Amino acid sequence: MRRHPNSWPVFFFFILFLNPAILADSVYADEYLKVTGPCRFQFPRDHGAHPGYLVEWWYYTGNLSDPAGKRYGFQLTFFRTQISPPGLESRWPDPASAWRTTQLFLAHAAISDLDASRFYFDQQMARGALGLAGAEQQGDDTRIFLGTWSALIKSGKHFLKARADNFEINFTLVPAKPLVAHGNEGHSLKGIKPESASCYYSFTRLETSGTLKIKGKPVKVRGTAWMDHEFSTAPLEPDVTGWDWFSLQLENNTELMIYLLRTSQGGYSSASSGTFVLPSARTRHLSVKDIQADILDHWKSPHTNGVYPSRWRIQIHPLKLDLILEPNLADQELITPETTQVNYWEGSVSVKGKIADKEIKGVGYIEMTGYANPFNLLK
Amino acid sequence: MRRLRFFIKLQFWFSLRQMRAHYWRVLAVLFGIAIGAAVFTSIRLAVDASLDSFTQSMSLVSGKTDWVVTRPGGRVPEGLVARLNVHPAVETASPLLTSYIKIFGEEAEPFLLIGMDPILDRSLRGWQVKKTKQRDVRLWLDLVREPNTVILSQRLAQRYNLKPADIVTLEHIHQVSKFRILDTLQPQGLALVNGGQIGLADISTMQEFTGLQGLVDQIDLRLKPNVTGDDLADLKNLLPPGIILETPTRVKETGDMMIRAYQLNLSLLSFVSLFVGMFLVYSLVALNAASRRREVAILRSLGGSKRLIFLLVLSEGLFLGIVGWLLAIPIGSILVKYMVQGVSSTISHLFVRVHVDGLRLDPWEILLSFCVTVFICLLAAYGPAREATSIAPREALFLQDSMPRQRRFGRQITLLGLLLIALAWPLSKLPALSGVSVGGYTAIFFLVLGSSFLSLWILQWMGSVFPPLLSRLGGEPAFLGGRFVRDAGRRTAVSVGALVTAMALFVALVIMIHSFRSTVALWVNQTLAGDLLLRPKMAGFNQYRDHLPEDVVRVLRALPDDVQVLPFRQVLLHYAKTPYQIEAIDIKLFLNYGSFLLLKGNFEKIVDPVMTGQGVLVSEVFASQTGLKIGQRYRAQFGKSIMNVPILGIVRDYRTRGGVVYTALEPFQRMSGNYEWSGARIFFKDRRQDLKKSAEDLKAMIFRDIGQSHPLEIISGEELRREILRIFDETFAITTVLLLIALLVAGLGITTTLTVLVLERIRQLNTMVAVGASAGQIRSMIFWEAVLMVMAGESLGLICGFFMSYILIYVINRQSFGWTFLYQVDWSALLVSIPLILATALIAALPATLLVLRSSPALVLKES
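Quick note, the sequences are listed as chains A and B, same order.
The first sequence lines up with residues 27 to 405 when you count with the numbering used here.
The second sequence lines up with residues 368 to 1231 when you count with the numbering used here.
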């Protein structure tokens, strides 16, 4: 059972604003804030929104199971995009309508009922005004919300809530490790130019518990989740045709994040990189040279005819890490057909492999874009 | 099959040959039927077009909305949108703010600007620009992020020669502002609303333009599937006091019902032409049957059954019906173009705003028109067909065609006529059914039919009493003409009946329209009194939802002491499903300059309580539509406040689109907490000055002070009166057209009848010539026959018309529109038009007089 509601360009919207072509089209392209160096995060302030940057997201994914051992994957993502550059408010009529805003919020939620081989997806969008959507901070608490969907980040705990037609989540997430900043103090390069970058940090291991309702039937679930928070103005460069993003949680209390930016010439952009998180939460930055990713199998989407990699072999040579990644459900493709023309695969995977010749297992999430149709960045 | 072929052949020999021999008669009748059918069909199609336009607009605006959150008499706070959007039963809650606005400097009519949130609205309403889908994304995004941007419908853009990226200046009472056109909408979905004269704006832009920050007209809800009654109750509990949840179809249903009732009213009126045409068919078929008695008798003697004879004669009616209907197609196609404009304009004035931009040929309407026309003709042919079956086979032995013997049923038919007229009175007392005055129309039908039935008696009476007098006036020919009228019998009476019908309708409508017009003029002078009337531009279009901006109020307050400013507040409300307006005004001050046309209630007793807000005056329309009477309580909710006061008086009021409730301004302001002005009436205290010039000067001054920044409608009392009477005349244009057509058909009836009478007596007339009568005498005789016939028709029609006018004013108007008028007869119009109709009818008799001696008497007599 799949659901592709509303047929609106939620993800496309997000992509659209990442698209430098769109920015180039705008006379205000240079007026957005840019990430050009270390982000020097301060928390809880930086859990909140960063207006002035073109795009920002809070990304939760996780693998859970119920007391009967049935497994589930989940995704809850909030996107913020600034639709007009900072300072333009001064040109608004006075008094301005409360509907007038510079911020647009989008959200995706998905549940993979792995044992039942069902995938549910829903999406929302609203302007950041009048309590319809927003990212607000009160004291140490940060709340990102869109309608009934919300992520509340408190000191030491995150609370996720989302109610869609076919499912509902109500999770509490407790960081098992401190957050980690990727790249150089969060400055995560996505291209050759320094401003082709984002500020990027993650909670790589969040002990998750709560209630999951599918079709009105509640189950208690537990597991681990991953949270990314990233903001930027121009993260991708022209020759990038899509990306593959991996967040893996291994049973030895380590985590691995990799993003591989595919180029039009084939191969990966030199800006592709990763972060390995040790049990102590210390991180090791991985460059593209450290990463070898081989595709072992493919899956052809019956919905879009897109051919996605379906098994991966990931080798991180400096870490002697050799992993096989296999989707827990083949069809975890998100489709927004009528308007977005951007379809992507985001789903739960199982990890098996070796680290320094020792067997190891884990779980994770992979996001793959640009397979079902051209990613069309700067094309 | 063989029998059918035989019947068709027989039909050709028996009927069509006869018709071909007298084709001009047939053509005249066919023309009459065609006009009747064309009017009937084109009226219905024209109303259908308005109905389609209205329902389509309503449906497109409603989109997929399940429920609507509104505030009766006001607007909804925007903060509710977010609260509703998180309710578990709500799929989406989308705000809507609309207003009729104008392109600055253009004289054309206003267009509808729809303000909405393109994001929340996406699952409710569809719209599409001409570009690719990617462009759509950018487009609505531009709409959201850029102030003062609009997307115009292609039709609107083409009309004003506007294109994307153009800057257009729009005006609303709040301000005049420049907008950038982002793109044009393809003619589909929302772009078809209001006849395609629309623009789209983001809700933020709309609020800023109209100065309605914080408010929306309504919030449209789309609910999740399987929502229960408990969910709805929970939703209602969420709403603050004064805000209600209602179905989006309420306005649509009300408008739909009103237009359908109007359609029925017009259909019945247009049916008169067909009804008059029925007399023509009867006349022709009866003549055809009568002049072929010998042929019928021969057929009978050869074995033709009575049934065969009946079907042969009846099929003549069928033939006339089918051919008449076919001829109606080209006539109707021309007529309908004029009808559409008139009907849509009337519906816009009276009920709901419609903008017709096309015509749809509904197969059911075509079928209905065909069936009604054919049925009418068959009904008309039924009598002669029955009569033909009584022809005995032995008549075949007669040497000449014997004319039908007049049955001695004159007395019975007169009595039947009197009975029908008597029945009209109780019928007119019956209540309306779904807004249609069924009893009233039946009463009119009985009245007309009854009066027509009296025409035989009146002809016989006139033919008996008048000839001595006529002989003095016109000599022997007049005497003979009178005697002939007495003996002419039923066929003449039928033609006179047609004239009675048309004349009665004419008289009734002349009286009704005159009464209506005079009463409206009185109302305009008294109740709408004011040397200047000021309101926001397009206030009528926007149903006074916009109030006067503070700047304007300030200017009005600062006007010199020699003028009296009477502000008023006007709010559109609904009583159950009935829309009406409440008008709050300083009644004490108002009564210094104007008055109410009190219909019920004691003015002396009620004036004080009304002035102090202890009761209200309601219009006759409001009382008729709601059933509320004097002494009963009037209840209405304004936000959190509830008004609950007795109805103290019923007044005449003729504003279009619903009733009105008058209340005192100050208590209303205190009760509702709303101190805004919807408009103002301005009076000069010194009534001796040149009021027209002073009004012009003051108008110019107000325009100079504030008119540039806030579009206002400032109209002098005189201009207003002229405008209202113009609308009035426009509204009755259709009625007048129908009336003239009925008269035309009746004129055709006179021509046909007289011609038939001449032809029928051709041998007799030529014998008279042969024995010494001059052609002039013969023509004179026919002329006097015509005079008597037309006088009989006119006098009966006149009397019937007076009765009919009473029913029209006090029954049909009250039941259909809720109002009555002061009964006033337009004697001058009648005195001018009655001789005119007489003259016209006599001119209609000319072809008959010319026909008399076309052949030489000797030849005619030899042939016969």
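Note that CB positions come from ideal geometry on N, CA and C, so glycine has one too.
Everything numeric in this text was worked out from a predicted model, so none of it was measured.
What in chain A is Cβ-close to residue i, meaning under 9 Å?
i              : result
I486 (chain B) : W34, L130, M151, A152, R153, L158
K591 (chain B) : D191
Is it right to say residue i is buried, meaning 16 or more other beta carbons lie within 10 angstroms of its own, or is it exposed?
i              : result
Q68 (chain A)  : exposed
F379 (chain B) : exposed
H73 (chain A)  : buried
S640 (chain B) : buried
F471 (chain B) : exposed
F381 (chain B) : buried
R774 (chain B) : In this prediction, R774 (chain B) scores a pLDDT of 49, lower than 50, which makes its location untrustworthy; the coordinate-derived value is nonetheless stated afterwards. That one is exposed.
N909 (chain B) : buried
A47 (chain A)  : In this predicted model, A47 (chain A) has a pLDDT of only 33, less than 50, meaning its place in the structure is not dependable enough to derive any value.
S986 (chain B) : buried
S306 (chain A) : exposed
I518 (chain B) : buried
Taking C-beta pairs closer than 7 Å, name the residues in chain A that residue i reaches, listed in chain order.
i              : result
R512 (chain B) : I109, S110
L606 (chain B) : Within 7 Å Cβ-Cβ: nothing; L606 (chain B) doesn't reach chain A, min ~16 Å.
L506 (chain B) : In chain order: nothing, as chain A lies at least about 12 Å away.
A449 (chain B) : L156, G157, L158
From the DSSP output, which residues share a beta bridge with residue i?
i               : result
Y370 (chain A)  : A:L360, A:T395
I317 (chain A)  : A:I342
E82 (chain A)   : A:R106, A:F257
W252 (chain A)  : A:T87
T168 (chain A)  : A:Q163, A:I179
H482 (chain A)  : There is simply no residue 482 (chain A) to check, as chain A begins at 27 and stops at 405 in what is shown.
F302 (chain A)  : A:L282, A:R310
G566 (chain B)  : B:L480, B:L519
S1061 (chain B) : Paired residue(s): none; S1061 (chain B) is not in a bridge.
L984 (chain B)  : B:G1016, B:Y1029
Y467 (chain B)  : B:L479
Taking residue i as the query, report the chain B residues whose CB atoms sit under 7 Å from its CB, ordered along the chain.
i              : result
P121 (chain A) : Q580
T330 (chain A) : Within 7 Å Cβ-Cβ: nothing; T330 (chain A) doesn't reach chain B, min ~16 Å.
Which one of the options has the shortest CA to CA distance from residue i?
i               : options                           : result
G396 (chain A)  : A:G373, A:G390, A:S306, A:W269    : A:W269
I468 (chain B)  : B:F421, B:M368, B:A401, B:F546    : B:F546
T551 (chain B)  : B:Q525, B:F576, B:L491            : B:Q525
N89 (chain A)   : A:G379, A:P353, A:I284, A:K380    : A:P353
G725 (chain B)  : B:P934, B:S715, B:L559            : B:L559
D894 (chain B)  : B:Y1021, B:L1015, B:W1044, B:V938 : Correcting the residue identity first, residue 894 (chain B) is Thr in this sequence and not Asp. If we check each option's Cα against that of T894 (chain B), B:Y1021 comes out closest.
F737 (chain B)  : B:L956, B:R411, B:R1093, B:L797   : B:R411
M1010 (chain B) : B:M1038, B:V985, B:G1026          : B:M1038
L702 (chain B)  : B:V739, B:S409, B:S986, B:V543    : B:S409
K955 (chain B)  : B:L939, B:P934, B:G968, B:L940    : B:P934
L549 (chain B)  : B:L872, B:T516, B:Y527, B:L523    : B:T516
V977 (chain B)  : B:L1032, B:A656, B:E843           : B:L1032
S991 (chain B)  : B:V974, B:L685, B:K967, B:E971    : B:K967
W1053 (chain B) : B:Y1177, B:D898, B:Y947           : Reading off the sequence, residue 1053 (chain B) comes out as Asp, not Trp. Cα-wise, what sits closest to D1053 (chain B) is B:D898.
E458 (chain B)  : B:L681, B:L480, B:R438, B:W434    : B:W434
Counting only Cβ pairs nearer than 9 Å, list the residues of chain B close to residue i.
i              : result
A135 (chain A) : What A135 (chain A) touches in chain B: nothing, since even the nearest Cβ is about 15 Å away.
So which residues on chain A does residue i lean against when the C-beta distance must stay under 8 Å?
i              : result
V446 (chain B) : In the sequence as presented, Val is not what sits at residue 446 (chain B); that position holds Gly. Correct list: L156, G157.
Indicate whether the contact test is met: 3 or more Cβ pairs, each with one atom in the stretch 1080-1096 of chain B and one in the stretch 924-935 of chain B, closer than 8 Å.
They do not touch, by the three-pair rule.
For the pair the stretch 429-442 of chain B and the stretch 562-569 of chain B, tell me if three or more CB-CB distances fall below 8 Å.
Taking 8 Å as the limit for Cβ pairs, the verdict is that the stretch 562-569 of chain B does not touch the stretch 429-442 of chain B.
On the three-pair Cβ rule with 8 Å, is the stretch 521-538 of chain B touching the stretch 1059-1076 of chain B?
Here the stretch 521-538 of chain B makes no contact with the stretch 1059-1076 of chain B; the two share fewer than three CB pairs at distances below 8 Å.
Contact the stretch 991-1009 of chain B vs the stretch 1038-1058 of chain B: 3+ CB pairs below 8 Å:
Contact between the stretch 991-1009 of chain B and the stretch 1038-1058 of chain B is present, with at least three C-beta pairs closer than 8 Å.
Quick check: the stretch 106-115 of chain A against the stretch 133-148 of chain A, are there 3 or more CB pairs under 8 Å?
These segments do not touch.
When the Cβ atoms of the stretch 162-182 of chain A are set against those of the stretch 208-218 of chain A, are three or more pairs found closer than 8 Å?
As far as the Cβ criterion goes, the stretch 162-182 of chain A does not touch the stretch 208-218 of chain A, which means the pair count is below three.
Please determine if the stretch 308-328 of chain A and the stretch 336-356 of chain A are in contact, where contact requires at least 3 C-beta pairs separated by less than 8 Å.
Three or more pairs of CB atoms, one per stretch, sit closer than 8 Å, so the stretch 308-328 of chain A contacts the stretch 336-356 of chain A.
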